[in-house]
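Engineer: Handing you this structure, nothing more for now.
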Amino acid sequence: MWCFNMRKKLLLGNWKMNKLASEAKEFAIASSPLVNKALKNNIDLGVAPTYLSLAQVKQHAHPNMIVAAQNVHFQTSGAFTGEISIPMLKEFAITWALVGHSERRTYDNETNEKCNAKVKALLAEKMVPVYCVGETLAEFEAGQTKVIVGTQVRDGLKDLTAEQVKELVVAYEPVWSIGTGKNASTEIAEDVCKFIRDVLKDMFGPIAEEIRILYGGSVKPENIKAYLSCPNVDGALVGGASLKIDSYEALLNNII
Ligand code: PEP
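Numbering (the numbering used here), first residue to last: 2 to 257.
Next comes the structure, spelled out in structure tokens:
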């Protein structure tokens, strides 16, 4: 019988458009003892640097540090100016990528259909997508959260098999809470993450119990423990509070 706490906790920092490669390298070196600490406590630790810092971080971080791209294209090569492909990431041993972060949905027209193509391409290459979903403030206030998030999950993960989605990670990030300091209550986080798991169960069956679902949105050292105490929240995707090594360490310490 499956029990929720069999899912390994995951703390993933999203650096967005921050840090020079030299700064990213410094963080990577400093984070090594943290990865050892995380390993001892059965926690996965990771960061998503900018493309230009991926190689530096991969080279200088602990081998068990998860290093994720913030985006990826679904085609392997071709006339897509400004884009990066899966083989390009794999050449640098990068095997994780965020898909559909709300900033990309907002500024780069990342639709559920595009996300679906990216998730499929990543899973086909045995890579790990962190598929981000979440409603805007207007949608939240209109009581549309589950309609929006349900559609994002169903459309973004369309035509995948139960076997394929086992390694997938889903991140619930209410758009109104990202970078605003207005974090969702733990009740909201648990309710929506549970809803996501129910949708995943409906789509893929019992394997949904193995899929990690993260909460993201103004997570800080002071509130991370409360989120991770929710039965359906398996970790956190953290922006601002993941940028400084001290704060990143405090996030980890507070979930051990
Ligand atoms: C994010 O970028 O995914 C995020 C959740 O940002 P912040 O923690 O700064 O709200």
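Beta carbons are placed, not taken as given, at the ideal position from N, Cα and C, and that holds for glycine.
Look at the alpha carbon of Met-7 and the alpha carbon of Glu-211, and state the distance between them as a whole number of angstroms.
Structural biologist: Using only the alpha carbons, I get a separation of about 8 Å.
Engineer: What are the complete alpha helix (DSSP H) segments, minimum 4 residues, inside the segment 166-207?
Structural biologist: You should have 187-205.
Engineer: Under the three-state reduction of DSSP, which class applies to Asp-45: helix, strand or coil?
Structural biologist: DSSP places Asp-45 in strand when its eight states are reduced to three.
Engineer: For ligand 1, is there a heavy atom less than 7 Å away from the beta-carbon of Ala-94?
Structural biologist: Every heavy atom of ligand 1 is 7 Å or more from the Cβ of Ala-94, so no.
Engineer: Using CA coordinates, which residue listed in Ala-80, Phe-205, Leu-53, Glu-27 is at the minimum distance from Glu-168?
Structural biologist: The candidate whose alpha carbon is nearest that of Glu-168 is Phe-205.
Engineer: By alpha-carbon positions, which one of Gly-83, Phe-81, Asn-43, Ile-87 ends up nearest to Met-66?
Structural biologist: Nearest C-alpha to Met-66: Asn-43.
Engineer: Taking 8 Å as the cut-off, does the segment 176-184 touch the segment 112-131 (at least 3 CB pairs, one atom from each stretch)?
Structural biologist: Segments in contact, no.
Engineer: What's the C-alpha gap between Gly-47 and Lys-202?
Structural biologist: Cα-Cα distance, rounded: 26 Å.
Engineer: For Ala-196, I'd like the list of residues in its chain whose CB is within less than 6 Å of its CB, leaving aside the five on either flank, ordered along the chain.
Structural biologist: The amino acid at residue 196 is misidentified as Ala; the sequence shows Phe. Same-chain partners within the cutoff: Lys-147.
Engineer: Touch check for the segment 127-143 and the segment 18-28: three-plus C-beta pairs under 8 Å?
Structural biologist: The segment 127-143 is not in contact with the segment 18-28.
Engineer: Using only the heavy atoms of ligand 1, determine whether one of them is closer than 7 Å to the beta carbon of Ser-219.
Structural biologist: Checking every heavy atom of ligand 1 against the Cβ of Ser-219, one is found closer than 7 Å.
Engineer: Does any heavy atom of ligand 1 sit closer than 7 Å to the C-beta of His-61?
Structural biologist: Because no heavy atom of ligand 1 lies under 7 Å away, the Cβ of His-61 does not count as near it: no.
Engineer: The alpha helix (DSSP H) spanning Lys-119 covers which residue range?
Structural biologist: Unbroken alpha helix (DSSP H) run through Lys-119: 113-125.
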